[in-house]
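Novice: Heads up: the sequence shown begins at 94 in our numbering, then just goes up one per residue.
Beta carbons are placed, not taken as given, at the ideal position from N, Cα and C, and that holds for glycine.
If you scroll down you'll find the structure; I have some questions about it.
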Amino acid sequence: MTSMMQDAPLKETLQLAPNNLGSERIYPFVWRLWPVLVQLDQKFQAFERDFLDAKNSMEVSLSEDGFNRISAPKGFMGAYPQHAALLELAQRPKVSGQLTCLVAAIIVTRARWEIVAMSSLPESMTEDEKKAWCHARLCEVWRAIRLLSKACQRKLPPSTNSLAELHDSLEHALASVPDDENFGHERLIPIKNFLATFLQDRKPRSRSSSVTIEQNSDERSIETVFTETGDTGCVDTDGVDFLTTRLSDVEVRGSDHFREGNAPSELTSGPILRRSDKHLQLHKGDSTAAAMMRGRSKSIHCRRSLQLLPGRWGELTPYDLIHLVDALLSSASPVLASAISLIILTGRPLSDVLNARLVQTRSQLPETVESHDLYLIKEEMAWATGVARPESQKRAERSWRSVLRKHASALILPFPRYFWTELFKLPVPNVDGKKRSVALFKGYKPGELEKELKELLRHINKEQRTSLTLHRVENSLFVFLRLVTGDLADAFLITGKQPPWGQSASIYYHSRSITELTKLYQKAIGQTFCLSNFENGWLSSPSTLDDDKVVGSRLSPSAAALQTLVGDLVNRVIADEAAMQSEGGFIRFHNSFTSYCVMMTLFGTGYRAVKDPIEDRRFLKLAPAFPAWPTLLIVDKTTDGYGHGRTVALADILVEQLTAYERHTEIVKSRSLALGLPQASTGFFFYLTEDGRPERLTPTSLSAALSWAYRNLPLNLNRHYLRAGLRRKQIPGPAVDRFMGHWTLGQEPMGRFSGADPIMGVLKLREAANELLSETGWKVLGGLS
């Protein structure tokens with residue numbers, strides 16, 4: 094036995110059994126972990142020479158004994174969980190970098206974890222009970238590591254610089270998993286809890302569900318939300334950063350705003366600060382206050398220019414596109430032609446395209462497809478990718494599935510026949526029955542292909558005086574979709590690309606069916622390349638198995654579920670009205686009628702359920718003078734004052750219902766006065782308490798009143814429904830964004846530099862909102878009026 098085997102400290106660290114079962118397999122595997130072990134704990138450097146000698150001797154004995162698999166005896170995994178896990182991992186043909194990093198972290202932290210865990214256990218437990226508890230937890234952790242799926246492993250970082258970073262990655266991976274995705278992510282929970290216990294001694298962190306600024310202030314970050322440079326197209330523009338304080342994921346997910354289904358980006362957590370690179374000209378009397386006043390309007394104007402001016406998004410002009418396609422058909426090699434075609438037709442960057450894989454049928458696609466994955470389906474001549482999701486998307490609970498629209502696990506879109514037959518001339522590998530997929534660009538080096546591609550673009554620019562760049566080619570599909578659909582959210586779902594200024598709140602609420610996205614994609618590509626002039630045109634669309642499924646928002650309710658909800662609310666009002674003469678019947682009738690009117694207002698205006706709707710009667714104009722239309726001033730953005738106040742045109746059916754409710758409340762208030770009940774200050778909507786006093790309506794009281802019918806669903810499902818519903822009614826994306834209140838700095842529809850027409854599209858919006866309300870089953874109820 095070597096000196097390494099007699100080294101008690103290291104043997105204790107590796108937790109090997111006395112019989113050293115399979116140590117000749119374990120030592121080479123641990124050597125692969127050695128760089129990570131040393132990085133996480135410097136004490137391993139002292140054992141490196143002895144360990145290397147032991148490993149070399151083990152490899153000699155292994156070559157003599159052969160590579161027969163070693164099976165642990167019964168009970169071995171329970172008695173020596175770490176030894177059993179290392180033995181199994183060592184005998185696997187391949188272990189991912191993510192799993193290697195995780196195993197090293199558990200080895201390093203185990204001893205210290207036991208000390209921290211035992212000190213935190215109740216004093217009433219004996220030492221033996223505490224050791225048994227710790228051993229059971231270690232068994233859970235190593236069992237989870239042994240059974241960790243490949244999909245789970247992809248959620249982990251390939252390398253880490255600290256244990257706190259690894260813990261945060263696990264926490265983020267668990268927080269970002271939708272409930273309707275099941276790939277064994279529950280295996281990550283005991284591992285995360287293990288590291289959390291260890292870090293309590295090294296890095297105190299509050300894990301209370303009651304989130305406050307003081308508790309989590311160390312987890313906040315300063316984020317640059319926008320950066321201006323001298324390349325904005327504006328005269329005399331200096332580098333300017335806009336900085337904001339971002340809440341931690343724990344704070345965001347613990348807020349009522351997030352729990353009710355609102356976009357995290359709409360939760361304003363602090364001021365946006367402007368920082369300029371230009372020095373103050375003190376010799377000319379300059380000051381910080383003067384510089385701020387001078388630069389604010391110019392900065393916002395430059396930001397608008399960056400968003401909207403031609404060429405500011407790295408767009409390809411028609412001239413550029415014509416010469417690029419000509420070069421692909423004539424002078425480009427088959428590999429480059431295929432790569433550039435895939436970039437243009439899928440909107441994916443070159444790195445994703447070079448990792449594209451080919452499958453025979455869609456049944457060979459993996460269960461989990463990420464947004465950066467790209468698959469070509471040979472049988473359907475289509476391409477498939479994962480669905481892009483915004484950051485911190487709220488997960489749909491399992492109990493909600495019956496009322497939400499079904500989601501597709503992947504987005505599958507068709508290829509034009511012309512591009513498939515003319516540009517894919519590289520040798521396409523065959524997909525036999527043994528392999529689920531094969532690499533499309535197998536054998537080609539990504540670095541060399543990127544170099545050749547850029548050289549081809551430079552050659553075209555020199556010969557044809559074009560302005561082609563790889564960045565513009567990669568953004569071309571996003572631009573095509575924006576021009577054709579007029580909606581950034583649709584372009585995001587297909588390409589997975591964010592707008593140039595960052596994440597938009599509209600992406601959080603938007604959803605589309607596969608059928609709708611397929612038509613939009615065909616229209617964009619067809620108009621861009623004039624495919625209607627080609628003889629073959631489009632190939633037949635892919636299989637229609639997922640046509641009724643949607644991608645995008647996970648909180649988009651189905652039409653049938655909404656119709657059931659509305660029907661239940663109507664029936665409750667009718668039933669309470671019939672029983673109004675019974676004891677407490679009048680109060681129950683008023684409250685159920687109020688709930689009905691509030692929900693109709695939410696689904697007709699997109700009101701955020703963050704405070705009482707219509708808190709002031711002056712915000713409501715039900716009978717304006719001609720030629721204006723009924724409007725509602727909505728101020729519902731949290732902690733942002735009137736910065737996101739917007740005026741919404743009301744649908745006819747909603748105007749009638751609000752008028753009836755106003756007459757109803759006048760009767761209720763007069764009755765309360767006649768009975769001598771005290772009158773409290775309320776908004777337009779109010780409930781009655783058990784003793785008949787008016788009470789201000791809040792999201793909490795609304796949720797409690799609807800708990801019998803709304804199944805504890807987030808109150809803001811109305812915004813997820815309206816964003817998709819208005820787009821289905823062909824309302825342009827910018828008009829829907831103004832209706833929903835989705836804009837950021839420099840995009841204010843009524844701002845100084847806004848070019849939005851306050852009148853255009855209002856009539857269509859009112860008509861679309863009226864149709865959506867009628868289709869769902871909302872109707873005018875009179876109440877006491």
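1. Find the nearest neighbour of Gln132 within the set Phe122, Arg804, Thr202, Leu819, judged by alpha-carbon distance.
2. Report yes if the C-beta distance between Val741 and Ile727 is below 9 Å; otherwise report no.
3. What are the residues that DSSP puts in a beta bridge with His564?
4. List the whole-angstrom C-beta distance separating Leu648 from His813, where the pair is believed to meet the contact cut-off of C-beta under 8 Å.
5. Classify Asp641 as buried or exposed, calling it buried when 16 or more other Cβ atoms lie within 10 Å of its own Cβ.
6. Could you check the C-alpha separation between Leu457 and Leu241 for me, to the nearest Å?
7. Going along the chain, which residues of its own chain have a beta-carbon closer than 7 Å to the beta-carbon of Gln557, five neighbours each way excluded?
8. What residue does the alpha helix (DSSP H) around Gly171 start on, and which one ends it?
9. Run through the DSSP bridge pairs and tell me what Glu264 is partnered with.
10. Taking Thr439 as the reference, give the member of Asp466, Ser426, Leu422, Glu216 with the closest Cα.
11. Tell me the DSSP bridge mates of Ala475?
12. By the DSSP assignment, the alpha helix (DSSP H) with Tyr780 in it spans what residues?
13. Compute the Euclidean distance between the alpha carbons of Met843 and Ile553, then round it to the nearest angstrom.
14. Given this structure, state the Cα-to-Cα distance separating Gln750 from Ile680, to the nearest angstrom.
15. Among Thr869, Pro827, Asn863, which has the Cα closest to the Cα of Ala853?
16. Using the beta-carbon count (16 or more within 10 Å), is Asn684 buried or exposed?
17. Hey, is the region 579-591 in contact with the region 446-454, meaning 3+ C-beta pairs nearer than 8 Å?
18. Let me know the beta strand (DSSP E) ranges lying completely inside the region 695-721, each 3 residues or longer, listed in chain order.
19. Out of curiosity, what's the CA-to-CA distance linking Ala67 and His260?
20. Between the alpha carbons of Leu40 and Tyr754, how many angstroms are there, rounded?
21. Starting from Gly645, follow its DSSP beta bridges and name the residues at the other end.
22. Ordered along the chain, which non-local residues of its own chain (more than five positions away) have a Cβ less than 6 Å from that of Lys897?
23. Tell me the rounded alpha-carbon separation between Arg816 and Arg450.
24. Closer than 8 Å: is that where the CB of Ala802 sits relative to any heavy atom of the ligand PLP?
25. Is it buried or exposed, Trp801, if we count other Cβ atoms within 10 angstroms and call 16 or more buried?
26. Taking contact to mean 3 or more Cβ pairs, one atom from each stretch, closer than 8 Å, check whether the region 531-547 and the region 421-432 are in contact.
27. Suppose the cutoff is 7 Å on Cβ atoms and the five residues either side in sequence are ignored; what does the same chain contact list for Ala475 look like?
28. Excluding sequence positions up to five away, which residues of its chain have a Cβ less than 7 Å from the Cβ of Ile119?
29. Pull up the DSSP beta-bridge partners for Arg450, would you.
30. Distance check for Gly619 and Val496, CA to CA, integer angstroms please.
31. Pull the bridge partners of Leu725 from the DSSP assignment, please.
32. Identify whether Arg205 lies in helix, strand or coil by the three-state DSSP scheme.
33. Relative to the C-alpha of Thr869, which candidate in Ala652, Ala532, Phe779 has its C-alpha closest?
34. Can you list, in chain order, the residues of its chain whose CB lies under 8 Å from that of Asp709, leaving out five sequence neighbours each side?
35. What does the Cβ neighbour count give for Gly645, buried or exposed, with the cut at 16 atoms within 10 Å?
36. Between Met880 and Asp705, what straight-line distance do the alpha-carbon atoms span, to the nearest angstrom?
Specialist: Looking at the atomic coordinates:
1. Thr202
2. yes
3. For His564, which the question treats as bridged, DSSP gives no partner whatsoever.
4. 5 Å
5. exposed
6. Note on residue identity: the sequence assigns Gln, not Leu, to residue 457. Their backbone Cα atoms lie some 22 Å apart in a straight line.
7. His416
8. Looking at the DSSP string, the run of the alpha helix (DSSP H) that includes Gly171 is 169-172.
9. In the DSSP output, where bridge partners are listed per residue, Glu264 has none listed.
10. Asp466
11. Note: Ala475 sits in a beta bridge opposite Ile470, Pro507.
12. Premise fails: Tyr780 lies in the beta strand (DSSP E), 779-781, not in any alpha helix (DSSP H).
13. Per the coordinates, the alpha-carbon of Met843 lies some 43 Å from the alpha-carbon of Ile553.
14. 19 Å
15. Correcting the residue type first, residue 853 is Met in the shown sequence and not Ala. Met853 has its Cα closest to that of Pro827, out of Thr869, Pro827, Asn863.
16. buried
17. No, because fewer than three Cβ pairs between the region 579-591 and the region 446-454 fall closer than 8 Å, the two stretches do not touch.
18. none
19. As shown, the chain starts at 94 and ends at 878. That puts residue 67 outside it, with no answer to give.
20. This structure leaves residue 40 out entirely; the chain is present only between 94 and 878.
21. Ser604
22. As displayed, the chain neither begins before 94 nor continues past 878, which places residue 897 out of reach and without an answer.
23. In a straight line, the C-alpha of Arg816 is about 34 Å away from that of Arg450.
24. For the structure depicted, the ligand PLP is absent and the ligand set is empty, with no information on it obtainable.
25. It counts as exposed.
26. yes
27. Ile505, Leu506, Pro507, Phe508, Pro635
28. Leu179, Leu180, Ala183
29. Under DSSP, Arg450 shares a beta bridge with Tyr468, Ala532.
30. 36 Å
31. Leu713, Val741
32. helix
33. Ala652
34. Only Gly776, Phe777 meet the Cβ criterion.
35. buried
36. Absent from the model: residue 880. The displayed extent of the chain is 94 to 878, so no value can be given.
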